[in-house]
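One structure is given below, encoded as structure tokens.
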Amino acid sequence: MEIGFWDYTCPRHGSLERYTAADWDTLLDDMVAGGFDSLVLCPKWLTTGYRSALSWLDQDPSCSAIALDNRPIHHALAGARARGIRTRLLIATTIFPAREFTLPGGFTYPWPGVFADGEVMLYDLDCPGLTERMDQLVGEIIDLFGAQTDGLIIELEFADGEAPHRIPIYDDWAARNGRPPFATMRNFRFESRQYPLTHWRDFTTTRRIETLQHLERTIRSRGFTGELSSIIELDNSPGVVMSNVNMRMLADALPGWAVSTYDNYYDRRINRLASMDMCVHQPRLAGFPVQYLTRGVMTFSTPPWLPPTTLEEQWRMSLEDARDHQPDALWFMGADARLPGAVCNNALLPQWGFADGRSARQQLMQMAQEILRP
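Numbering (the working numbering), first residue to last: 506 to 879.
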């Protein structure tokens, strides 16, 4: 089982966005000392964390990768390879700051106190013009960094929602597949034990498949031969654990792909066994290699109905679950907390039990040694 960190060079995440070469050397050396052998690095999240020539990507000069023309990312990837650390690049392809992106058809991403109203937009997979921009985004990242990494992870977050322009596309799909038309699909009686969105989920799974197959052709045409993976998102709430895709359909259509799985609250106290079933066992039964993502040095809020928790409590449960259920890779989101970001917040970190990000990650790696490799 690979084990490592999943982190971001992107502004407002709060972790690595202002890292220098010396910071990267410290992190990578810490990983080697702590027995971590895997790194997922995201240069494109809600915001952009690399220097791009694409006019519709945001370019915050406070981000060190943008200010230094991507040298910190090249340094990080080269340093990881020199230390025997396997790397993937994560690319979020459906969410962008509206000011620069200006593509119609999206909807506002609400994150009060971090992103101003209307600043960040999310797009479904049928928004006109999005696929062409995905091609450019993925192609540019491959051209810049592909030779230095072992794999790509494609994220299609919030790409499955209803929108007026999707209704005729759904209706055409439904007519060809023996499903009810959109106008009648909602004519069901509410029943707490019944999942009512099967037809829509199969439709959006089909659209994910078609998009990922298209991007695979784009990726391979650029000469990239590394591993390909995509994210399966899980809703995990009291009494409900639900995947956003039909896993069997996805697996049958994407041979050779892996999946990265996580639950939406990053809190191992919620449906602990059921979430492991959906995050590890069910995708494996469908035929996927499984990469499981959980909370690292991460202050992302806990559900309001649960009492406070600590990072150490969360790590212990994640490590025990990984030991017991054996995903192919285990990644902890957040290797540091340097700024008051949306996911990793240095001002909130003391409430989670640590004074700084480095001491937190070192404690996490020590705990991993004790639980996974006693």
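Every residue, glycine too, gets a C-beta built ideally from N, C-alpha and C.
Within its own chain, the residues whose Cβ lies closer than 6 Å to the Cβ of Arg866, once the five positions on either side in sequence are excluded, are Val802 and Ala840, listed in chain order. Around the beta-carbon of Ala842, 16 or more other beta-carbon atoms lie within 10 Å, marking it buried. When secondary structure is reduced to three states using DSSP, Gln796 falls in the strand class.
Nearest in C-alpha terms to Leu627, of all of Pro879, Glu645, Arg604 and Asp534, is Arg604.
At the C-beta level, Ala758 and Ile714 come within 8 Å of one another. For Ala688, the three-state secondary structure derived from DSSP is helix. For Ala834, the enclosing beta strand (DSSP E) covers residues Ala834 to Met838.
Annotated three-state conformation of Glu507 is strand, per DSSP. Shown here, Cys784 sits in a helix according to DSSP, grouped into three states. Non-local C-beta neighbours of Pro685 in its own chain, meaning closer than 7 Å and more than five positions away in sequence, comprise Ala679 and His704, ordered along the chain. Between the beta-carbon of Ala668 and that of Asp629 there is about 6 Å, and that keeps the pair under the 8 Å contact cut. Asp676 is not a Cβ neighbour of Phe693, given a cutoff of 8 Å.
Pairing Trp857 with Leu816 gives a Cβ-Cβ distance under 8 Å. A straight-line Cα-Cα distance of about 30 Å links Pro615 and Gln718. Trp511 and Thr598 have their C-alpha atoms roughly 17 Å apart. Relative to Pro743, the option among Asp648, Asn769, Asn850 and Gly683 whose CA is nearest is Asn769.
Non-local beta-carbon contacts of Glu660 in its own chain, meaning distances under 8 Å to residues more than five positions away in sequence, involve Leu595, Ile596, Ala597, Thr598, Thr599, Ser735 and Ile736 in chain order. For Arg591, the uninterrupted beta strand (DSSP E) run begins and ends at Arg591 to Ala597, by DSSP. For Ala585, the number of other beta carbons within 10 angstroms of its own is at least 16, and it is reported as buried.
The DSSP-derived three-state label of Ile775 is coil. Note on His670: under 16 other CB atoms within 10 angstroms of its CB, so exposed under the neighbour-count rule.
In this structure, the beta-carbon distance from Trp550 to Tyr513 falls below 8 Å. Linking Arg821 to Glu732 through their CA atoms gives a straight-line distance of about 29 Å. Apart from sequence neighbours up to five positions away, the residues of its chain that approach Leu739 with a beta-carbon distance below 8 Å are Val746, Met747, Ser748, Asn749, Thr766, Tyr767, Asp768, Asn769, Ser780, Met783 and Cys784, ordered along the chain. Here Glu696 carries a coil assignment [DSSP, helix/strand/coil]. Excluding five sequence positions before and after Gly792, the CB atoms of its chain that fall closer than 7 Å to its own CB belong to Ala756, given in chain order. In the structure shown, the three-state DSSP call for Trp857 is helix. The three-state secondary structure of Ser864, taken from DSSP, is helix. For Cys547, the beta-bridge partners assigned by DSSP are Tyr513. For the beta strand (DSSP E) assignment, the uninterrupted runs of no fewer than 3 residues enclosed by the region 622–671 are, from N- to C-terminal side, 625–627 and 656–660.
Per the DSSP secondary-structure output, Leu608 pairs with nothing in a beta bridge. DSSP places Ser742 inside the beta strand (DSSP E), whose first and last residues are Glu732 to Ser742. Distance from Leu869 to Asp861 at the Cβ level is roughly 13 Å; contact not present, criterion being Cβ atoms closer than 8 Å. In the DSSP assignment, Thr766 falls within the beta strand (DSSP E) that extends over Ala763 to Asp768. Burial is judged here by how many other beta carbons sit within 10 angstroms of a residue's own beta carbon; Ser726 has fewer than 16 and is exposed. Burial check for Gly539: the Cβ neighbour count within 10 Å reaches 16 or more, so the residue is buried.
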